[in-house]
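These notes are about the structure you will find just below.
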Amino acid sequence: MGLSIDFLKFLATEIYKDVNPLLGTEEAGIKYEEGAGGDISMHIDLVAEKAL
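Following UniProt numbering, the numbering of the sequence shown begins with 1 at its first residue and continues without gaps.
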């Protein structure tokens, strides 16, 4: 089962709506948690995941 281009564009647009106000802000870079692979989740990452 494939994903249509229209659906992927919709997802990207919805995520952008939530992430855009954070771009370039200090708030975007607030560190929250360490992932299983050792990477650090930033606030902007969590906002994007929640939007998805």
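Where a beta carbon is used, it is the ideal one built from N, C-alpha and C, also for glycine. Predicted model, so just to flag it, every value in this text is computed and none were measured.
Excluding five sequence positions before and after L46, the CB atoms of its chain that fall closer than 7 Å to its own CB belong to Y32, given in chain order.
Distance from the Cα of L23 is smallest, within the candidate group E49, H43, G2, A51, for H43. DSSP places E34 in the strand class (E or B) of the three-state scheme.
At the C-beta level, I40 and E34 come within 8 Å of one another. The beta carbon of P21 sits closer than 8 Å to none of the beta carbons in its chain outside the five residues before and after it.
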